[in-house]
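**Student:** Following this message is one structure expressed as structure tokens.
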Amino acid sequence: MKELFRSNDPVRISIAKDLLEQEEILVFEMDQHMSVLEGSIGILPRRIMVADRDEFMARAILRDAGLDE
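The numbering used here puts the first residue of the sequence shown at 409, with every later residue one more than the last.
What follows is the structure in structure tokens.
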């Protein structure tokens with residue numbers, strides 16, 4: 409799996425996941441339950457991961473949508 413980006417912004421994460429899933433790219437969100445450990449204050453970024461074979465297309469989709477870093 410490859411990491412596309414890390415973010416604390418739930419809106420950015422949601423939009424990115426939606427765009428990628430519309431293109432049938434399987435997205436895995438890591439660290440989404442870490443808020444339990446941090447006290448739900450949102451300081452730990454969540455990672456958006458995709459399969460190695462989907463990385464190029466996923467990065468292109470995010471870049472076209474203005475969601476790349």
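C-beta atoms are modelled at their ideal positions from N, C-alpha and C, and glycine is treated no differently.
Tell me which same chain residues have a C-beta within less than 7 Å of the C-beta of residue 433, skipping the five on either side of it?
**Tutor:** Within the sequence shown, numbered from 1, the residue matching residue 433 stands at position 25. Cβ neighbours of residue 433 beyond the five flanking positions: 458, 462, 465, 466.
**Student:** Taking the Cβ atom as the reference point for each residue, do residue 454 and residue 421 lie within a distance shorter than 7 Å?
**Tutor:** Mapped onto the sequence shown, residue 454 falls at position 46. Mapped onto the sequence shown, residue 421 falls at position 13. Yes; because the gap between Cβ atoms is below 7 Å, this pair is in contact.
**Student:** Please return the same chain residues whose Cβ sits closer than 6 Å to the Cβ of residue 440, not counting the five positions on each side in sequence.
**Tutor:** Your numbering for residue 440 matches position 32 in the sequence shown. Taken in chain order, the residues that qualify are 454.
**Student:** For a quick check, are the C-beta atoms of residue 442 and residue 452 less than 7 Å apart?
**Tutor:** Locating residue 442 in the sequence shown gives position 34, where the first residue counts as 1. Locating residue 452 in the sequence shown gives position 44, where the first residue counts as 1. Yes, these two residues count as a Cβ contact at 7 Å.
**Student:** Could you have a look at residue 469 and say whether DSSP puts it in helix, strand or coil?
**Tutor:** If you number the sequence shown from 1, residue 469 lands on position 61. Note: residue 469 maps to helix in three-state DSSP.
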